[in-house]
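> For the record, in the sequence shown the residue sitting at position 107 is 108 according to this note's numbering, with numbers rising by one throughout.
A virtual CB, placed ideally from N, CA and C, is assigned to each residue, including glycine.
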Amino acid sequence: MGVHEDGTVTHDGDRAAYERAMADTSRLFVVWPGEWSSHLFVIDDLDEYATAHGIQYAEEQTGLKEHVHDMRWESASYAHDSPRSPYISVDVAPDCGREIHDRRAFATQMKEQQGWDVATSEGWGSSSGAPGRKKTYALRVRRKSLTS
2 MGVHEDGTVT
12 HDGDRAAYER
22 AMADTSRLFV
32 VWPGEWSSHL
42 FVIDDLDEYA
52 TAHGIQYAEE
62 QTGLKEHVHD
72 MRWESASYAH
82 DSPRSPYISV
92 DVAPDCGREI
102 HDRRAFATQM
112 KEQQGWDVAT
122 SEGWGSSSGA
132 PGRKKTYALR
142 VRRKSLTS
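Here's what the structure looks like:
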């Protein structure tokens, strides 16, 4: 929730809210609901907020740098995805050599950079494969968002 200079309140949690807070044109708050009462907290660590919402990336936590990732992907040979399913299992290998530690941060970056809709509610895995091969990651991606 953001409270603006003019007193208006918005209920958003996105990059625009972060940028307004960084520009000192609004303040960010969060409500923690309880059974009998709720608590209101001021978000005063904007760097932590930005990391938590995938606006900026803490490389040591996510394994991801703020750069365009060159990705190699292919349909997973082990998966038996239904052709009617909106999601497809894919094996992804970052050609930039980065390791993925935070799937949500990776999903946010790939949405911005490639337009991919990476599922973040399911399990995922990784494999180093043969010696000398780059690490690959097994993910589910919305079929229509993948480009050849």
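Quick one: complete alpha helix (DSSP H) runs, 4+ long, within the stretch 75-126?
Fully enclosed alpha helix (DSSP H) runs of 4 or longer: 104-115.
> List the endpoints of the continuous alpha helix (DSSP H) containing T52.
Residue 52 sits at position 51 when you count from the first residue of the sequence shown. It spans L47 to A53 - the alpha helix (DSSP H) in which T52 sits, taken as one unbroken run.
> If you draw a straight line from the alpha carbon of S39 to that of E75, how long is it in whole angstroms?
Position 38 of the sequence shown, counted from the first residue, corresponds to residue 39. Position 74 of the sequence shown, counted from the first residue, corresponds to residue 75. Approximately 47 angstroms between the Cα atoms of the pair.
> Please determine, among E20, L140 and G116, the residue with the shortest C-alpha to C-alpha distance to A94.
Here the question's residue 94 lines up with position 93 in the sequence shown. With distances taken between Cα atoms, A94 lies closest to L140.
> Buried or exposed: where does V142 fall if 16 or more other Cβ atoms within 10 Å of its Cβ makes it buried?
Translated into the one-based positions of the sequence shown, residue 142 becomes position 141. Buried, by the Cβ-count rule.
> Does DSSP classify A139 as helix, strand or coil?
For the purposes of this step, residue 139 is identified with residue 138 of the sequence shown, where counting begins at 1. Of the three classes helix, strand and coil, the one that applies to A139 here is strand, per DSSP.
> Who are the Cβ neighbours of S146 in its own chain at under 6 angstroms, not counting the five residues just before and after it?
Within the sequence shown, numbered from 1, the residue matching residue 146 stands at position 145. Result list for S146: G116, W117 and D118, in chain order.
> If you follow the beta strand (DSSP E) that R144 is in, where does it begin and where does it stop?
Numbered from 1 along the sequence shown, position 143 holds the residue referred to as residue 144. Counting along the chain, R144 falls outside any beta strand (DSSP E), and DSSP gives it neither H nor E.
> Could you tell me the boundaries of the beta strand (DSSP E) in which H5 lies?
Your numbering for residue 5 matches position 4 in the sequence shown. Per DSSP, H5 belongs to the beta strand (DSSP E) from G3 to H5.
> Tell me the rounded alpha-carbon separation between D25 and E49.
Here residue 25 is taken as the residue at index 24 of the sequence shown, counted from 1. Here residue 49 is taken as the residue at index 48 of the sequence shown, counted from 1. So the alpha carbons of these two residues sit roughly 17 angstroms apart.
> Can you give me the start and stop residues for the alpha helix (DSSP H) that A24 sits inside?
Counted from its first residue, the sequence shown places residue 24 at position 23. Unbroken run through A24: none, as it is neither H nor E.
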